[in-house]
Structures are given as C-alpha cells and as structure tokens.
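S.K.:
2 protein chains.
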Amino acid sequence: MKNERIQQLQQELQQRKIDALLITEPANRRYLSGYTAADHGIQESSGVLLIPKKGKLWLLTDSRFILQAEEETQGFTVELYKKGLIKLLKKLLPALNVRRLAFESHYFLHSTFRRLKKALNHSVDLLPVTDLVEEMRLVKSEAEIRLLKESVLCNEQVFQQMHGLLAPGMTEIEIALSIERLMREKGAERPSFDTIVAFGSNAAKPHAVPSTRGLQKGDLVLIDMGLVLQGYCSDMTRTFVFGEPDNVFLERLRLVRKAQLAATKAIRAGVICRDVDQAARKVITDAGYGDSFGHSLGHGVGLAVHEAPSLSTRNQKKLQAGMIVTIEPGIYLPEWGGIRLENMAVVREDGCELLNEDTTGLDL
Amino acid sequence: MKNERIQQLQQELQQRKIDALLITEPANRRYLSGYTAADHGIQESSGVLLIPKKGKLWLLTDSRFILQAEEETQGFTVELYKKGLIKLLKKLLPALNVRRLAFESHYFLHSTFRRLKKALNHSVDLLPVTDLVEEMRLVKSEAEIRLLKESVLCNEQVFQQMHGLLAPGMTEIEIALSIERLMREKGAERPSFDTIVAFGSNAAKPHAVPSTRGLQKGDLVLIDMGLVLQGYCSDMTRTFVFGEPDNVFLERLRLVRKAQLAATKAIRAGVICRDVDQAARKVITDAGYGDSFGHSLGHGVGLAVHEAPSLSTRNQKKLQAGMIVTIEPGIYLPEWGGIRLENMAVVREDGCELLNEDTTGLDL
Numbered sequence: 126m127k128n129e130r131i132q133q134l135q136q137e138l139q140q141r142k143i144d145a146l147l148i149t150e151p152a153n154r155r156y157l158s159g160y161t162a163a164d165h166g167i168q169e170s171s172g173v174l175l176i177p178k179k180g181k182l183w184l185l186t187d188s189r190f191i192l193q194a195e196e197e198t199q200g201f202t203v204e205l206y207k208k209g210l211i212k213l214l215k216k217l218l219p220a221l222n223v224r225r226l227a228f229e230s231h232y233f234l235h236s237t238f239r240r241l242k243k244a245l246n247h248s249v250d251l252l253p254v255t256d257l258v259e260e261m262r263l264v265k266s267e268a269e270i271r272l273l274k275e276s277v278l279c280n281e282q283v284f285q286q287m288h289g290l291l292a293p294g295m296t297e298i299e300i301a302l303s304i305e306r307l308m309r310e311k312g313a314e315r316p317s318f319d320t321i322v323a324f325g326s327n328a329a330k331p332h333a334v335p336s337t338r339g340l341q342k343g344d345l346v347l348i349d350m351g352l353v354l355q356g357y358c359s360d361m362t363r364t365f366v367f368g369e370p371d372n373v374f375l376e377r378l379r380l381v382r383k384a385q386l387a388a389t390k391a392i393r394a395g396v397i398c399r400d401v402d403q404a405a406r407k408v409i410t411d412a413g414y415g416d417s418f419g420h421s422l423g424h425g426v427g428l429a430v431h432e433a434p435s436l437s438t439r440n441q442k443k444l445q446a447g448m449i450v451t452i453e454p455g456i457y458l459p460e461w462g463g464i465r466l467e468n469m470a471v472v473r474e475d476g477c478e479l480l481n482e483d484t485t486g487l488d489l
Numbered sequence: 126m127k128n129e130r131i132q133q134l135q136q137e138l139q140q141r142k143i144d145a146l147l148i149t150e151p152a153n154r155r156y157l158s159g160y161t162a163a164d165h166g167i168q169e170s171s172g173v174l175l176i177p178k179k180g181k182l183w184l185l186t187d188s189r190f191i192l193q194a195e196e197e198t199q200g201f202t203v204e205l206y207k208k209g210l211i212k213l214l215k216k217l218l219p220a221l222n223v224r225r226l227a228f229e230s231h232y233f234l235h236s237t238f239r240r241l242k243k244a245l246n247h248s249v250d251l252l253p254v255t256d257l258v259e260e261m262r263l264v265k266s267e268a269e270i271r272l273l274k275e276s277v278l279c280n281e282q283v284f285q286q287m288h289g290l291l292a293p294g295m296t297e298i299e300i301a302l303s304i305e306r307l308m309r310e311k312g313a314e315r316p317s318f319d320t321i322v323a324f325g326s327n328a329a330k331p332h333a334v335p336s337t338r339g340l341q342k343g344d345l346v347l348i349d350m351g352l353v354l355q356g357y358c359s360d361m362t363r364t365f366v367f368g369e370p371d372n373v374f375l376e377r378l379r380l381v382r383k384a385q386l387a388a389t390k391a392i393r394a395g396v397i398c399r400d401v402d403q404a405a406r407k408v409i410t411d412a413g414y415g416d417s418f419g420h421s422l423g424h425g426v427g428l429a430v431h432e433a434p435s436l437s438t439r440n441q442k443k444l445q446a447g448m449i450v451t452i453e454p455g456i457y458l459p460e461w462g463g464i465r466l467e468n469m470a471v472v473r474e475d476g477c478e479l480l481n482e483d484t485t486g487l488d489l
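From first to last, the protein sequence lines are chains D and Z.
The first sequence: position 222 = 347 (the numbering used here), numbered continuously.
The second sequence: position 289 = 414 (the numbering used here), numbered continuously.
(1) Taking the straight line between their C-alpha atoms, what separation do you get for Arg406/D and Ser317/D?
(2) Tell me the start and end of each unbroken alpha helix (DSSP H) in the stretch 357–408 of chain D that is at least 4 residues and wholly inside, in chain order.
(3) Out of Leu251/D, Val373/D, Ser171/D, Glu196/D, point me to the one whose CA is closest to Ala458/D's CA.
(4) Threshold first: 3 residues or longer. Then list the beta strand (DSSP E) segments lying entirely within the stretch 225–257 of chain Z, N to C.
(5) Could you tell me if Leu192/Z is buried or exposed, where buried requires 16 or more neighbouring beta carbons within 10 angstroms of its beta carbon?
(6) Kindly indicate which residue of Phe238/D, Lys390/D, Ala329/D, Glu259/D has the alpha-carbon position closest to the one of Gln133/D.
(7) Check Asp448/Z in the structure and name its three-state DSSP category.
(8) I want to verify the contact list: residues of chain Z whose CB lies under 7 Å from the CB of Thr255/D, in sequence order.
(9) Taking DSSP's pairing of strands, which residues face Cys477/Z in a bridge?
(10) Of the residues Lys330/D, Leu272/D, Lys342/D, which one's Cα is nearest the Cα of Val353/D?
(11) What are the boundary residues of the beta strand (DSSP E) that Leu422/D is part of?
(12) Cβ atoms of Thr296/D and Ser326/D: under 9 Å apart, would you say?
(13) Under 8 Å by Cβ, that's how I've got Leu226/D and Leu251/D pegged, so tell me the actual separation to the nearest angstrom.
(14) Do the stretch 349–368 of chain D and the stretch 275–293 of chain D touch if we need at least three Cβ pairs shorter than 8 Å?
(15) Closest to Leu347/D by CA distance: which of Gly180/D, Thr161/D, Glu453/D, Arg239/D is it?
(16) Find the residues of chain D that neighbour Phe324/Z, judging by a C-beta separation of less than 9 Å, and give them in chain order.
(17) Going by the DSSP bridge assignment, what does Val353/Z pair with across the sheet?
(18) With a threshold of 9 Å between beta-carbons, can His424/Z be considered close to chain D, or not?
(19) Counting along the chain, where does the beta strand (DSSP E) carrying Glu204/D start and finish?
(20) What residues match up with Glu432/D in a beta bridge as DSSP calls it?
(21) When we look at the beta-carbon of Lys178/D and count the other beta-carbons within 10 Å, is it buried (16 or more) or exposed?
(22) Distance cutoff 9 Å, beta carbons only. Does Ser230/Z sit that close to anything in chain D?
(23) Out of curiosity, what's the CA-to-CA distance linking Phe367/Z and Glu432/Z?
(24) Mark Asn153/Z as exposed unless 16 or more other C-beta atoms lie within 10 angstroms of its C-beta, in which case mark it buried.
(25) Just verifying my parser: in three-state terms, what is the DSSP assignment at Val173/D?
(26) Please list, in chain order, all residues of the same chain as Lys212/D whose beta carbon is under 8 Å from its beta carbon, the five residues on each side excluded.
(27) Could you check the C-alpha separation between Thr451/Z and Ala470/Z for me, to the nearest Å?
(28) Compare the C-beta of Arg239/Z with all C-beta atoms of chain D and state if any pair is closer than 9 Å.
(29) Can you pull out the residues from the stretch 180–196 of chain D whose beta carbon lies closer than 7 Å to at least one beta carbon of chain Z?
(30) Residues of chain D with a CB under 8 Å from the CB of His288/Z: which are they?
(31) What is the DSSP secondary structure of Arg465/D, counted as helix, strand or coil?
(32) Taking only the alpha-carbon atoms, compute the straight-line gap between Lys390/D and Cys477/D and give it to the nearest angstrom.
(33) Tell me the rounded alpha-carbon separation between Val472/Z and Pro434/Z.
(34) Can Pro370/D and Leu378/D be called in contact, C-beta distance under 9 Å?
(35) Since Pro331/D meets chain Z, which of its residues come closer than 7 Å, beta carbon to beta carbon?
(36) Any idea what DSSP makes of Val277/Z, helix, strand or coil?
Now the structure itself:
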C-alpha cells in the first residue's frame, strides 16, 4: 500500500524529471515512511529513503536499525548497507536506471556529496533540492493537528505538575531535569529541545541554559519546554513569579500578554506572516520596549520543533489554513530578567484555534 | 596569548597555502578556542571560528551566544552575525585578504556551501578539508589524559551508585533517566550519548533503546553509559545478572572478558589497529561465537565520544602513544540477550594503561 504523501511526492519528481530522491532529513524520513528512528547527529544517520519516481520504495540502513525499520514501515524494501551507503547506492542506482538523483542539500554533508559524486563517476547527475518535502509538511492534516494537540496537552500536564512541585532552593537544573523525566514518564519520546528554566536575571537571555541557581521567594521564573509525542512536537513558555509578583512584573507581563493576544487575533489564512509579527511588535514598541524584543514572534511546529512558517519581520509569505505556529512575544531586560509567553495555534480560514488550554499566569 | 594548538594549525595552513580556515565542527571549535557551546544539530550552529594563516583570530556567532563566547575564549575577536554567517563572511573575507578559504567538508552542509559560493562570487576559492584538526586531536596531552580519567571515574561513580539502587520492577527507561540525572548532579555537562539500559533479550541489540520493561530477579542487565566532564567524554559498558547468574551466562561472560583481556594485552604504540581487533575476535571466533560479534572492537574517545582511531577489522593504521581507545568486545544472541564489556585505555609506548578502576561483574 502506497500512501498519499508518497504519491504526491512521486508526481512532483516526475514533473521535475527527477528519477529518484534521496531523503536524509530525519523528520522528512519519518513523514514519508513512518520510520521513527532519530539520527545521532548528521554524521550518524539511522538510514535514508530512496524514493524513485515510480516503483518500489527503499529504506537503506545499517545492521543496528534493520529490525526497527522493518517493523515500522509498510511498502518499503529495507536494504542493509554493510559497507556504507555510498557503496550500496553505487550498486543500486544503475540497477534502478537512475540517471538523475535528487538529494536534500540542506541535510547532506559536503563531504558525502563529494564521495558520492566520485563513486558514481558521472554516471548519475546529482541534483540538490531544498524544502521539497518540507513544503508538503507545511499544511497539517486534521489527523496531524490532533497529534499536535495531544503533544501540547501532554506538555501542559507536565508543566502543571512541575509548577505544583516548585519549592525554595530547587535549582534551575533540577527543575529542568524533573520536567524531562516527567515527560518520558507520560510517554514522550524525548523533549523537543533542551528545556529552559531561568530565574530572575537569568531569564534576560532568550536561550538561557539552566544553572545551579536556587529558587527563592519572589523570583521571576521563566520555563520554556516542549516534548515529542508520537513524533509531533510541542513548545510552550510560561513566566510567573514564585511568590507575590510586584507591580513592575505585572505591568510588563500584561504588556507581553497584550502583544500575544493582538497577534493571536491577527492570525487567519491569507494574512502575511510579517503582519502577525508586526501586530505583536507594535504593542511592545508603542510601550517603549521595542529594543527588548529581539527575536521573531513565532515559528511553525510539526515533526520538527522549528519549521516553516516563520512569523518574522521579514517573511512575506501568506499563512495557509492548517499551518501551526507559535505565538511567543517576549521582552528581555539585562539585570532584571525577561518575560516570554508562548502558545501554539492552528491557522484556520477565519482565524486561529489555540492548541493550548493552560492559562497559568497569563492573565493577572 | 596564542595557544600552541593554534600555532601548530597556522603552520599547517601556511604549508598548504590556505589563507584561512573556517572551523564548524563543535569539538574542533572547543579544542582550538575553549568555547564550550554545543550545536543543536548542524542546522543550528552556535558559532564558527575563522582562523587566518596569521594574525587575529575570529569567533563568529549570533546574539544568543555573544556573552558566553567572550567569557570563554582568549585571544579571539568575537563578532556578531546579525544577518547570518554568509553575509558576515562576505564582508570579512575581503577585508582580511582571504583568497583561499578552507572549510570542514565533513561538518558543512552542501546547501551552505552553495550559498557561500554564490555569495562570494568567485572572489574566494573554497577548499574542502577533512580531519585537519581531528588529526591534531588524535594524540592526547597528559593534561587531556587527566581530564579523560576524571570523566571515566565520574562515570564509574554514577554507575556504582545506580548499581546499588537497582530494585525489582524498575524499568529500563527509569534506570537510564536516573543515570542521566546522577551524571548532571555530579557536574557532568551531559551524557556523552543516549544511555543504554537493556534487560534480558533486549540486550541482544547492540544499540538497544530503553523500554518500559521491568526488572526481574535473574535478568541479565546491560548498561552502556558515558558522560561529558569539562568537555571530555567517557564510555563504559557493564553486563551482569540481577540476582544469581546461571552457568550459561557465566561461560559467555568469561569468554567476552577473555577477549577483552587479550585485546588489552595487545595494545601498545606501533601495533596496527586491526590486529588489536583481531586479538579479541580470535578468542570469540575460536569459541564458536564469531558471528555473534558483529561490531568493531573499539574507537577513540576525547572531546567526541566517537573519534579516531577505530579498532576495526579494516583499520591498518598504527596506534600511537597518547591515543585513547575503548576495548569493547561483545556477543549478541537473539532471544537470549547480549554481553558487552567496555573499558577505556590510553596507549603507551610499552603497553596500555586502563582508565577504568571499576571491576563490577568483570571477573566471576
């Protein structure tokens, strides 16, 4: 049984006069085949797909992953490369009559390209492509949206459980590790990125690395966390005070929340991405904090935690129904700290639908 | 103050008539600069070094990492790329008179190469190099060996503590997570690879992924774990029975241990790598288990957990004093399980020196 995604991809290959496409990017590999293995970095691939413009589909991997690949895929011939991928391709491509082979240039090492080119010795044209499968992944099906919702809700459960366990003296690292442990206990495959837990002035760094700083009453706490459930990622940020918030915090929190709500309201199919960023940015800039909001408003989420579309000041593309975006304005003030609030939403024809249900500390 | 590593590298660049080298590989970056940031995958670099054949050294990074880069490095000019690395290089390379720029082809995306080439528009020759810094890293200094020893001993402490906590019903995942938590509590930056905990037949897969299988009395337990301490990696495997081992287990354990000791004895400067593999493999093959030992005997360890030299059936290079290798023979029997024993050792002129002190379950 060949799935619709493969059929759509093969049509695209035929139109582009590509004989076969090599899929190396892990999320694309999973999207097309169902094979769940992750790579341990680009230099330790757990396998590649070879998708011809028609006919048999291939999954090429090494002995460590053969069993898993066979269990998880349907309609793929799993082939072992004992002496490496390149030697196998050298044998397989002529047998399949492949003269024009496309590869994912954005997930392909330059050294691999050189070795492959040399091995094939001009018998095959190598065609770099980027974003071919990524474009297919942009708009999510309702089934995918359900999986994303499950991932978001599972992530929220972990957050809420941890929120209830916070106590004076706990370190940022301890909290981050506890969160990641709870994620796995609830069935997550892994965190979708390194969990950020930052107290007080540490929160002034958008990508703070958890430290041994201990939690004190009155500390500002920023937690940015996400997990992978059944392949699909979640990503959420909450910022609150451990104890009683003061007026400065409340004022800044309300500003960031106002920016988030303005952006949320601006989202619907057909709207230009940068206009959504602008809706939030205007609120923050008008309040005099424009220079403290240094990053983009949001990004797409799916099988990858960072994917298109980017809600940035530069992206002039239009939102489409079924896209998933984060809405995460923030302000960062050295010495003082930072506030970021992040939700995920699905773009609909007439607006957007929040995937989050948690409201911890959003509306004070 | 310019360090000796940089001086050695610059001499090499001058000999090869290279004007400057771009360092993208994270362990090489750390080796040369002391900058400890890790990459979140090759598509999210935390910065690159630009090492000219002489003169000022550069660390190019984005706003998230500027502070850390400045704190951790000496003798580097830290430069921000606001609009991406390629735009910065386009400006910087002509200013530095760079006409021949080398790059690390084995850690450089093909798509980045294409964009860089286009941006530079033939004004700069791009020269792929591989393993230039890796070759410098092959032989460790005594200071590095001390750090590796500390990493190994810290890893052993975690193992021994966890070994004492094992109880019926604990799952493979729980044990793996507890190990990784203990690592961080003892000051490790992170595990050096995903911890493997496998009970019974799960241990038949050399790269088993921890599952929800619960520990029972009499289970075979394989634990393969390592951590990163002050940048340097450790890697150790122990296999034991939770409860009383039976004679089949003991016989196979003694075989693997015999192979490990044979290989350990074979190691010294000047010996060919594959001969060390062969010393262990012969013991296992002679006992009739040759087909059950599917992987190589060992690999180098340093700032990366897998680096040269490989102790494989194919590596014809000679060991040099100061290299670090793992010695990890194993046998894997579907249905039954697997046994792997792994130590780390430093190659010396007249033999080898074990970095491990733990002997749990090795000699029964």
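Even for Gly, the Cβ is constructed at its ideal location relative to N, Cα and C.
These numbers come from a predicted model, not from an experiment.
M.R.: With the structure as the only source:
(1) When rounded, the distance between both Cα atoms is 27 Å.
(2) Counting whole runs of 4 or more residues, the stretch 357–408 of chain D contains the alpha helix (DSSP H) stretches 372–391.
(3) Rather than Ala, the amino acid found at residue 458/D in this sequence is Leu. Check the Cα spacing between Leu458/D and each of Leu251/D, Val373/D, Ser171/D, Glu196/D: the tightest is with Val373/D.
(4) Complete beta strand (DSSP E) runs here, min 3: 225–229, 250–254.
(5) Looking at its Cβ environment, which holds fewer than 16 other Cβ atoms inside 10 Å, Leu192/Z is exposed.
(6) Closest by alpha carbon: Glu259/D.
(7) The residue you asked about is not Asp; residue 448/Z is Met in the sequence shown. In the structure shown, Met448/Z adopts coil according to DSSP, grouped into three states.
(8) By Cβ distance, chain Z contributes Ser236.
(9) The bridge partners DSSP lists for Cys477/Z are Val472/Z.
(10) Of Lys330/D, Leu272/D, Lys342/D, the residue nearest in Cα terms is Leu272/D.
(11) Premise fails: Leu422/D is in no beta strand (DSSP E) and is neither H nor E.
(12) Cβ atoms of Ser326/D and Thr296/D: not closer than 9 Å.
(13) With a Cβ gap of about 6 Å, Leu226/D and Leu251/D count as contacting.
(14) Enough Cβ pairs lie closer than 8 Å, so yes.
(15) Nearest option by C-alpha distance: Glu453/D.
(16) By Cβ distance, chain D contributes nothing, its closest Cβ being about 17 Å from Phe324/Z, past 9 Å.
(17) DSSP lists Arg315/Z, Cys358/Z as partners of Val353/Z.
(18) Not one chain D Cβ lies under 9 Å of His424/Z.
(19) In the DSSP assignment, Glu204/D falls within the unbroken beta strand (DSSP E) covering 201–205.
(20) In DSSP, Glu432/D forms a bridge with Gly425/D.
(21) It counts as buried.
(22) For Ser230/Z, the answer is yes, since a Cβ of chain D falls inside 9 Å of its Cβ.
(23) Rounded to whole angstroms, Phe367/Z to Glu432/Z spans 33 Å at the Cα level.
(24) Per the 10 Å Cβ criterion, buried.
(25) Of the three classes helix, strand and coil, the one that applies to Val173/D here is strand, per DSSP.
(26) Result list for Lys212/D: Tyr206, Ala244, in chain order.
(27) If I take the Cα positions, the gap works out to 6 Å.
(28) Judged by the 9 Å Cβ criterion, Arg239/Z is in contact with chain D.
(29) Here the close residues are Ser188, Arg189.
(30) For His288/Z, none of the residues of chain D pass the 8 Å Cβ criterion, the least Cβ distance being about 20 Å.
(31) Per DSSP, reduced to three states, the secondary structure at Arg465/D is strand.
(32) Rounded to the nearest angstrom, the two C-alpha atoms are 8 Å apart.
(33) So the two alpha carbons sit approximately 11 Å from each other.
(34) Going by C-beta atoms, Pro370/D is nearer than 9 Å to Leu378/D.
(35) Ordered by position in chain Z, the residues that pass the 7 Å Cβ test against Pro331/D are Arg189.
(36) Secondary structure at Val277/Z: helix, using DSSP grouped into helix, strand and coil.
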